[in-house]
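Chemist:
2 protein chains.
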Amino acid sequence: MGQTPDWIAVDWGTTHMRAWLMLHDGTILDRRDSDKGMGGLSRDQFEPVLTDLLSDLASDTKLPVIVCGMAGSRQGWAEAPYVAVPCVPPGGDAATRVASDHWDVRILPGVKQSNPADVMRGEETQIAGFLASEPDFDGILCLPGTHNKWVHISAGEIVSFRTFMTGEIFALLAEQSVLRHSVDTDGWDEAAFTAALSDTMSRPSDLAGKLFSLRAEGLLNDMPAAEAKSRLSALLIGSELAAAKPYWLGQQVVILGEGAVARAYEVALNAQAAMVRCVDAENMTLAGLTSAYSQLQESTS
Amino acid sequence: MGQTPDWIAVDWGTTHMRAWLMLHDGTILDRRDSDKGMGGLSRDQFEPVLTDLLSDLASDTKLPVIVCGMAGSRQGWAEAPYVAVPCVPPGGDAATRVASDHWDVRILPGVKQSNPADVMRGEETQIAGFLASEPDFDGILCLPGTHNKWVHISAGEIVSFRTFMTGEIFALLAEQSVLRHSVDTDGWDEAAFTAALSDTMSRPSDLAGKLFSLRAEGLLNDMPAAEAKSRLSALLIGSELAAAKPYWLGQQVVILGEGAVARAYEVALNAQAAMVRCVDAENMTLAGLTSAYSQLQESTS
Chain A
1 MGQTPDWIAV DWGTTHMRAW LMLHDGTILD RRDSDKGMGG LSRDQFEPVL TDLLSDLASD
61 TKLPVIVCGM AGSRQGWAEA PYVAVPCVPP GGDAATRVAS DHWDVRILPG VKQSNPADVM
121 RGEETQIAGF LASEPDFDGI LCLPGTHNKW VHISAGEIVS FRTFMTGEIF ALLAEQSVLR
181 HSVDTDGWDE AAFTAALSDT MSRPSDLAGK LFSLRAEGLL NDMPAAEAKS RLSALLIGSE
241 LAAAKPYWLG QQVVILGEGA VARAYEVALN AQAAMVRCVD AENMTLAGLT SAYSQLQEST
301 S
Chain B
1 MGQTPDWIAV DWGTTHMRAW LMLHDGTILD RRDSDKGMGG LSRDQFEPVL TDLLSDLASD
61 TKLPVIVCGM AGSRQGWAEA PYVAVPCVPP GGDAATRVAS DHWDVRILPG VKQSNPADVM
121 RGEETQIAGF LASEPDFDGI LCLPGTHNKW VHISAGEIVS FRTFMTGEIF ALLAEQSVLR
181 HSVDTDGWDE AAFTAALSDT MSRPSDLAGK LFSLRAEGLL NDMPAAEAKS RLSALLIGSE
241 LAAAKPYWLG QQVVILGEGA VARAYEVALN AQAAMVRCVD AENMTLAGLT SAYSQLQEST
301 S
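If you read the sequences in order, they're chains A and B. Just so you know, we're using this note's numbering here: the first sequence kicks off at 1 and counts up by one. Just so you know, we're using this note's numbering here: the second sequence kicks off at 1 and counts up by one.
1) Using alpha carbons as the reference points, say which of Leu41(A), Ser202(A), Asp184(A) and Ala208(A) lies closest to Met223(A).
2) Since I believe Cys68(B) is in contact with Gly122(B) (beta carbons under 8 Å), could you give me their beta-carbon distance rounded to a whole number of angstroms?
3) In whole angstroms, give me the CA-to-CA distance for Val276(A) and Ala117(B).
4) Cβ of Lys62(A) less than 7 Å from any chain B Cβ?
5) In the DSSP output, which residue or residues are listed as bridge partners for Phe161(A)?
6) Once DSSP output is grouped into helix, strand and coil, what is the label at Ser323(B)?
7) My output table needs one value for Lys36(B): the three-state DSSP class, helix, strand or coil.
8) Let me make sure I understand the geometry here. Which of Ala268(B), Pro246(B) and Ala243(B) has the alpha-carbon closest to that of Ile255(B)?
9) Let me make sure I understand the geometry here. Which of Ala174(A), Trp150(A) and Trp188(A) has the alpha-carbon closest to that of Ser182(A)?
10) Which residues in chain D have a C-beta closer than 7 Å to the C-beta of Pro116(A)? List them in chain order.
11) Is it buried or exposed for Leu214(A), if we count other Cβ within 10 angstroms and need 16 for buried?
12) Suppose you measure from the CA of Gly218(B) to the CA of Val111(A); what does that come to, to the nearest Å?
13) Considering only C-alpha positions, which residue in the set Leu249(A), Gly257(A) and Leu197(A) is nearest to Lys229(A)?
14) Which residue from Phe212(A), Pro109(A) and Met17(A) puts its Cα closest to that of Asp52(A)?
15) Which residues, in chain order, does the region 235-253 of chain A contribute to contact with chain B at a C-beta distance below 8 Å?
16) Does the distance from the CB of Gly91(A) to the CB of Gln295(A) come in under 7 Å?
17) Do Pro144(B) and Val261(B) have their C-beta atoms within less than 7 Å of each other?
18) Since Ala216(B) meets chain A, which of its residues come closer than 7 Å, beta carbon to beta carbon?
19) Got a sec? Which residues, its chain only, sit under 6 Å from Ala132(B) by beta carbon, not counting five neighbours each side?
20) Closest Cβ-Cβ distance between Lys112(A) and chain B: below 7 Å?
21) Using a Cβ cut-off of 7 Å (strictly closer), state whether Ser202(B) contacts chain A.
22) By DSSP's criteria, Asp30(A) is part of a beta bridge. Which residues make up the other side?
23) What in chain B is Cβ-close to Arg162(A), meaning under 7 Å?
24) Tell me which residues share the same chain as Gln126(A) and place their Cβ nearer than 7 Å to its Cβ, disregarding the 5 neighbours each side in the sequence.
25) Using a Cβ-Cβ distance under 7 Å, would Asp189(B) count as near chain A?
26) Ends of the beta strand (DSSP E) at Trp248(A)?
27) Taking a cut of 7 Å between CB atoms, which residues from the region 167-201 of chain A lie near chain B?
28) Here's the rule: buried if 16 or more other CB atoms are within 10 angstroms of the residue's CB, otherwise exposed. What is Arg106(A)?
29) Going along the chain, which residues of the region 218-230 of chain B sit with their C-beta nearer than 9 Å to a C-beta in chain A?
30) Does the beta carbon of Met275(B) sit closer than 7 Å to a beta carbon anywhere in chain A?
31) Rounded to a whole number of angstroms, what is the C-alpha to C-alpha distance between Tyr82(A) and Ser299(A)?
32) Rounded to whole angstroms, what is the Cα-Cα separation between Gly139(A) and Val279(A)?
33) What does a CB cutoff of less than 7 Å around Val88(A) pick up in its chain, not counting 5 residues either side in sequence?
34) Cutting at 8 Å between CB atoms, please list the residues of its own chain near Ala242(B), excluding the five before and the five after it.
35) Within 10 angstroms of the Cβ of Asp206(B), are there 16 or more other Cβ atoms? Answer buried if so, exposed if not.
36) Please name the residue or residues paired with Arg277(A) in a DSSP beta bridge.
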């Protein structure tokens, strides 16, 4: 270990956690990963996991640790109660302080909405990071993931949002349902995706009847797995886009994400003539944590 | 073991199998269950499983064994190729004979449809059983299950059908998704079911956006698990009914099924002013296998 970091940024989700060793000036000294997500930990296991991951760091001073994500849920390290919309993405001053012998830990709150009932934990920090670089943004953020979020941003605030379980449903159907036999491939068929998306957008209520057809087409007509997988994705994303239309129609949309899933949403939204661009989600998480850290430094100096 | 049966009726599905020890006159001597479904067996394991389950039966004569279900699929005991609609439910004369040292085994075929692509294996035998008692039925059969089927019957034939994965999707969402925390109960809230069904039928394309709300309502507003579970069921069944409307609207509908799931479909269809009644599905399976056996007896006598 060379230089000692000034603080630690942590994104602690359900299935994994990431830590960045940071300097005041934004330099990243190191980035570390762990599969010790919140879902597998009891309350008293969070600090040992963190200390284990950072065991090489000097322990005579309690380094600041800024945490976002599911570690702040009721079943997590310590509950960081939700802030209600409309609100600016909660920053360092809204964080919950956690007692620790080794670290100065602050956990950022999630955001809630009463009607329709909805919650986020972690995405609000990505949003804060995005708004740090584009403070005047007015429009829609789309955050693809296990639970995809559509977020309306105006005047620096989260106005409203809606969560779709599309990513989780895709994974369950593709890996555990009878469709797993039909979509078992790393391949992708963009033409099939676009065609099935267009079908679904024009008749979203047919979704339920079209899923088993993917299996039957494989059994009877040898539909290639890449086509079946792309059509499955189009059915689910198309059905989400149909329900989320009030969010994206005629709006400026920024997708916080990268890789195949973000690309699928970009293709799908482009096919609907929406104005779309993508930005890197991990960078936004780190920018949001950095913004919370800076806010705390200012308030204590 | 008392009286020796004249033949064995077998319903061999993906996750379990059932055998009935039968006399010519329709008397059931015994009924036996096994969890050795087709899904966990390789081709050469079917006969040992059967012989094991019936180990007390005299083996000097090869008893007739009539099998329906997934044992006839390509990955099963022996492939019994699909018969294409429109067709009468395939009977004993369409069965595939399987070589066996101990039994005279016949496996009944499934039914396929080209457009939209669809398949059934096992349900065709329930349909044959139903038509044995109501040969003049003209209308719709609804067969709830892991993969729910809607079947148009006219002039004794299967005219067309459509499969919905509603049962499997409900199980995946209720047991394995983030919603499992919100719907973990044996309870049921029929008022919540009926209200959510009505909502879903009027706006079926909202399905994707309403699922995560069940979780958020639990976190923010302590929605009872029985209400969340009933609403989840209503979202999925409502979405199926919306897509299957051409099948049931203005038609006579018979549900082949019993228990909570069949009851949910009955309530849902009644709420849509459809003409519905329920008949026992297991009885229909046995009646269909009996009909196939009688047909074979006649053709060999």
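Ideal Cβ positions, reconstructed from N, Cα and C, are used throughout, including at glycine. The structure displayed is predicted, hence computed values, not measured ones.
Modeler: Let me lay it out:
1) Asp184(A)
2) 5 Å
3) 35 Å
4) no
5) Val151(A)
6) Residue 323(B) falls outside the range modelled here, since chain B spans only 1 to 301, and no answer is possible.
7) coil
8) Ala268(B)
9) Ala174(A)
10) The question asks about chain D, but that chain is absent: this structure's protein chains are A and B.
11) buried
12) 15 Å
13) Leu197(A)
14) Met17(A)
15) Leu236, Ser239, Glu240, Ala242, Ala243 and Ala244
16) yes
17) yes
18) Ala117, Asp118 and Val119
19) Ala287 and Ser291
20) yes
21) no
22) Leu21(A)
23) Gly209
24) Leu143, Leu256, Ala281, Met284, Thr285 and Gly288
25) no
26) Taken as a continuous stretch (DSSP letters only), Trp248(A) belongs to no beta strand (DSSP E), being part of the alpha helix (DSSP H) at Lys245 to Trp248.
27) Glu168, Leu172, Gln176, Ser177 and Val178
28) buried
29) Gly218, Leu219, Leu220, Asn221 and Met223
30) no
31) 22 Å
32) 14 Å
33) Gly156 and Glu157
34) Thr200, Met201 and Pro204
35) buried
36) Val254(A)
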